[in-house]
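A short worksheet on the structure shown next.
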Amino acid sequence: MSPIPAASADALGPDVALLALPDVAAQLGIGVNHVHQALRERKLVSLRRAGVLYVPAEFLQEIDGETVIVKHLGGTITVLNDSGFTPDEMLDWLFTADDSLPGRPIDALRGDRGREVKRRAQALA
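If you want it as structure tokens, here you go:
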């Protein structure tokens, strides 16, 4: 089984809320193994702090009373990965404000601008 790719501990600032993988699994209503699979399949990006894997809380969203992975996040991560981005670079790009969006790409994904974010990620290749 392939290892789970993870960004470094300092890939995100302390102001970004993080969830440990068991918490991600509980919120999504799935087993931790399925979260591991989502990380390996690049539907999510994790970072490792003190040996523990975390996922940014903003990668999850409640829709109609159900918690799900943000729509278009997996596709955006795949595009960034195919463009040669490391997990650290992916998190930096997703959480850095872009005046032309405006705002951060993760905020645009959580809204209704997922296709625009993916288009911009493709333009980085």
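Each residue of the sequence shown is one higher than the one before, starting from 713 at the first, in the working numbering.
For each residue, glycine too, the CB sits at the ideal point set by N, CA and C.
Comparing C-alpha distances from Leu785 to each of Arg760, Ser720, Gly796 and Arg822 shows the shortest one belongs to Arg822. Going by beta carbons, Val728 and Phe797 fall outside the 9 Å limit.
Contact check for Val736 against Val767 passes: the beta carbons are separated by less than 9 Å. A Cβ-Cβ separation of about 13 Å leaves Leu765 out of contact with Leu724 under the 8 Å criterion.
Runs of alpha helix (DSSP H) with 4 or more residues, each lying fully within the stretch 782–813, are found at 785–794 and 799–806, listed in chain order. When secondary structure is reduced to three states using DSSP, Glu828 falls in the helix class.
The three-state secondary structure of Ile818, taken from DSSP, is helix.
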